[in-house]
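Residue numbers (my numbering): 513 to 667. Only one structure is covered here, and it is reproduced in the block below.
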Amino acid sequence: MLFRSSQIAASEVVAAKCTASATNTITASDVRINFSVVSFDTHGVVTTGASWVFTAPVSGIYSINGMLQASGATYSSGQRVTIYAWVAGVQQELAGIWRAQTAYSTSIESTFAGTFRMNAGEGLYITAASNHGSGTLTTDRKSTCLNSSHVSESR
């Protein structure tokens, strides 16, 4: 990591924007999404690859938002894709969900968002899982993205 918490001013912006350049295969188990292309990373806080993570350089409140687009599976009514945020290896709130209203077999899109209190050095990552009946769901390149930023200092 490139940051040192003692060198980051309270008013300084900590932000990153990432997209997926390759597919991520989503199964019934939580699969960590690899946002492999970093558009910008103000403090070197993003680690790409299979263990993708955004690491908080200072303690505070962090906000995320993004979109997951995927295709390749057939859904029956009521089946779904769930998107969770994890902080320090602990599953947080449900960040997004897509649910089939009828039988469905084309691509899906789901936005996700969340706000989390993080301590300096803690990591945040996103997982997705699907309870689809058939086919492999893969994320579409460059349509799956994540924006993250430091909102305020912890008090």
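Every residue gets a Cβ at the ideal spot worked out from N, C-alpha and C, and that includes glycine.
Residue i and residue j closer than 7 Å at C-beta
i: residue 543; j: residue 639; result: yes
i: residue 558; j: residue 550; result: yes
i: residue 576; j: residue 592; result: no
i: residue 651; j: residue 582; result: yes
i: residue 599; j: residue 630; result: yes
i: residue 656; j: residue 580; result: yes
i: residue 562; j: residue 660; result: no
i: residue 658; j: residue 552; result: no
i: residue 594; j: residue 625; result: no
i: residue 526; j: residue 555; result: yes
Counterpart residues of residue i in DSSP-defined beta bridges
i: residue 523; result: Bridge partners of residue 523: none, in fact.
i: residue 573; result: 629, 664
i: residue 559; result: 565
i: residue 528; result: 553, 660
(request) Answer yes if the region 631-638 comes into contact with the region 609-618, meaning at least three C-beta pairs across the two stretches below 8 Å, and no otherwise. (result) no
(message) If we require 3 or more residues per run, which beta strand (DSSP E) segments fall completely within the region 577-646?
(response) 592-599, 602-611, 620-630, 635-642
(request) Give a yes or no on contact between the region 585-598 and the region 519-535, applying the rule of three or more CB pairs nearer than 8 Å. (result) no
(request) Pair every Cβ in the region 655-664 with every Cβ in the region 566-580, then say whether three or more of these pairs are closer than 8 Å. (result) yes
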